Amino acid sequence: MANFFQHVVAGLANGSIYATLALALVLIHRATGILNFAQGEMGMFATYIAWSLINTAGMTYWLAFAITLVIAFIGGVGVHQVVIRPFAHRSELTVVIVTIALLGILNGAASWIWSPQEKFFQSPFPLRVIHVGGVAINIQDLGVIGVSFACVTVVFLLFRFTRLGLQMRASAVAPETSRLLGIRVVAMLSIGWGLAASLSAVAGMMAAQALVLSPNYMLVVLTYAFAAAVLGGIDSPVGAVLGSYILGVGISLLTEYVGWLGVSLQLPVALAVLLIVILVRPAGLFGHVVVRRV
Amino acid sequence: MPLLELEGVEAAYGPLKALHGISLGVDEGQAVAILGANGAGKTTTLRAISGTVRTQGEIVFDGKRIVGRSTESIARHGIAHVPEGRGIYSELSVRENVLLGGVTRRDRKAVKADVARALTYFPRIAERMHQQAGTLSGGEQQMLALARALVSHPRLLLLDEPSLGLAPSFVSGLYGIIRKLNQEEGLSVLLVEQNAKIALASVQYAYVLEVGRVALHATSGELEQHEGVRASYLGY
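Protein chains in written order, with our numbering: chain E, 1 to 294; chain X, 1001 to 1236.
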């Protein structure tokens, strides 16, 4: 039983990294109607910036963490204004292709600036294990779960309880009506891209301490986040977060208890989940149908 | 000087011209109707004022030229536009819809007072604040749209076909409120309406549009007596 709970905690730690990135994907999808394939690479790039702040500028981890979130936010706004907006009146497919191009550009730029060699990204949490009722829990896992959960909660509170969040939601569902109410829709979309970039940066930094920092490490995380967002409902922020925890824990337990699956089949399992959900329940587990009266 | 003045306004959707030089005015505290058949350019006139269609010519609101300004900045100048189809956020709650009317205003106390005042006009909306707005009936949605517009504390209210698709009892109730806002609170109103009878009973002045031009304009009393208007729009 202790073994079971140990894998649940490890799965939750992975799941909370997916949750942060999946929430970013959902924010962009709700606001712009597209899937941002560069979302993971935005997090990867931000994590390299954090690495430079720590290892070159000599900052402490949390100072670098905070500054990276701000830089990522500004970068996200910049990406929306410079890269996405010129294509705003084109088809959604065009914009998706633009994000794929951005994926390649960020990936190449990171290799060029920081070299493609793997780097060690330090963890802010001690590498110790605590025992709770016979269950050995990694403090690092608890830290990742806590940080991701805090960030996700802040975003939810912002959307649910502030005037800015209300304007952002309104701009996402009905831009034309929102303009008639005096809402600066383009600015709201830019803020959405900024928030999504900051969330990606959190995912990037949390993932880098578990894996190693290299230009490609976020591609796998992005795939899991996609699968989790689809599982929970690509239009449902709560669903995407819950879907991420389910996927993280599910894969952790499957790998442990279904022996033949092994580590190499983890990603195929996630993709199988994605395909099955798209086939059986396109709205996702928690995607709700909007009631409309005509 | 009128609160709103249009002079030779032309508007087009792509290559398709919808307005061929419209001139009209709304005085402070006045209620004005734009009448006409389908495709006459009534909705486009409102859209030209709000800047949601490509527009040329002069539009002056409160002494300022507003042609070419962004829709959001025109709205912030005090023009509340309730569009055709009402523009309700069906995914959001009724309360959130109401609050969105004042979401860009800085004075939160005044917004609170305006929300309370708007809800006294629409007790049915006040009862349904926590429902999803999409679950309201058509008439309730029109009331919600009007309440939301009032929360923005506008100097001019633009209403596009408020009676469209509503039961007759709802229509007379709604126009009762519009009259009250205009006559008792002095709110300036410019409304577009197919139902000429109820519109003329509620405004002081009206313009009749035909294929993108003003065919006729006069006080509502004169238009009610006008042979052509009676035959084409009033049906008696």
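Ideal placement from N, C-alpha and C gives every residue a C-beta, glycine not left out. Computed from a predicted structure; not experimentally measured.
Item to complete: Whole angstroms is fine: what's the gap from Ala1048 (chain X)'s alpha carbon to Val9 (chain E)'s?
Response: 59 Å
Discussion item. Quick check on DSSP: helix, strand or coil for Glu1010 (chain X)?
Written reply: strand
Worksheet item: Between Arg1155 (chain X) and Asp1027 (chain X), is the Cβ-Cβ spacing less than 8 Å?
Response: no
Worksheet item: Measuring CB to CB, does Glu1010 (chain X) end up less than 8 Å from Gly1025 (chain X)?
Response: no
Discussion item. At the 8 Å Cβ level, is Ile246 (chain E) part of the contact set with chain X, yes or no?
Written reply: no
Fill in: Within chain X, the residues that Ile105 (chain E) reaches when beta carbons sit closer than 9 Å
Chain X residues near Ile105 (chain E): none, gap ~31 Å exceeds 9 Å.
Fill in: Distance, Leu1146 (chain X) Cα to Leu1223 (chain X) Cα
27 Å
Practice prompt. Give me whichever residues DSSP pairs with Tyr1205 (chain X) in a beta bridge.
Written response: X:Val1032, X:Thr1219
Worksheet item: What did DSSP end up calling Asn1038 (chain X) once you bin it into helix, strand or coil?
Response: coil
Worksheet item: In three-state terms, what does DSSP make of Asp1114 (chain X)?
Response: helix
Discussion item. I need the straight-line Cα distance from Gly192 (chain E) to Val1094 (chain X), nearest angstrom please.
Written reply: 24 Å
Worksheet item: Leu129 (chain E) by DSSP, collapsed to three states: which one?
Response: For clarity, residue 129 (chain E) is Val in the given sequence; the question names Leu instead. Correct three-state label for Val129 (chain E): strand.
Item to complete: Could you tell me whether the Cβ of Thr177 (chain E) comes closer than 8 Å to any Cβ of chain X?
Response: yes
Worksheet item: Taking C-alpha atoms, which residue in E:Val241, E:Leu195, E:Leu27 lies nearest to Ala72 (chain E)?
Response: E:Leu195
Worksheet entry | Neighbour flag for Thr1104 (chain X) against chain E, beta carbons, 8 Å | yes
Discussion item. Using a Cβ-Cβ cutoff of less than 6 Å, which residues in the same chain neighbour Gln39 (chain E) once the five nearest sequence positions on both sides are dropped?
Written reply: Ala24, Leu25, Ser200
Discussion item. Taking only three categories from DSSP, how would you classify Thr162 (chain E)?
Written reply: coil
Discussion item. For Thr1104 (chain X) and Ser198 (chain E), I'd like the C-alpha separation in whole angstroms.
Written reply: 25 Å
Worksheet item: Whose Cβ in chain E lies nearer than 7 Å to the Cβ of Arg1076 (chain X)?
Response: Gly182
Discussion item. Once DSSP output is grouped into helix, strand and coil, what is the label at Ala1018 (chain X)?
Written reply: strand
Worksheet item: If contact means a Cβ-Cβ distance below 8 Å, which residues of the region 157-170 of chain E contact chain X?
Response: Arg163, Leu166, Gln167, Arg169, Ala170
Worksheet entry | First through last residue of the beta strand (DSSP E) which encompasses Ile1088 (chain X) | No beta strand (DSSP E) contains Ile1088 (chain X), which DSSP labels as neither H nor E.
Discussion item. To test your reading of the DSSP string, which unbroken alpha helix (DSSP H) runs of 4 or more residues are found completely within the region 1102-1179 of chain X?
Written reply: 1108-1121, 1123-1127, 1138-1151
Worksheet item: What do you reckon, are the CB atoms on Gly15 (chain E) and Tyr245 (chain E) nearer than 8 Å?
Response: yes
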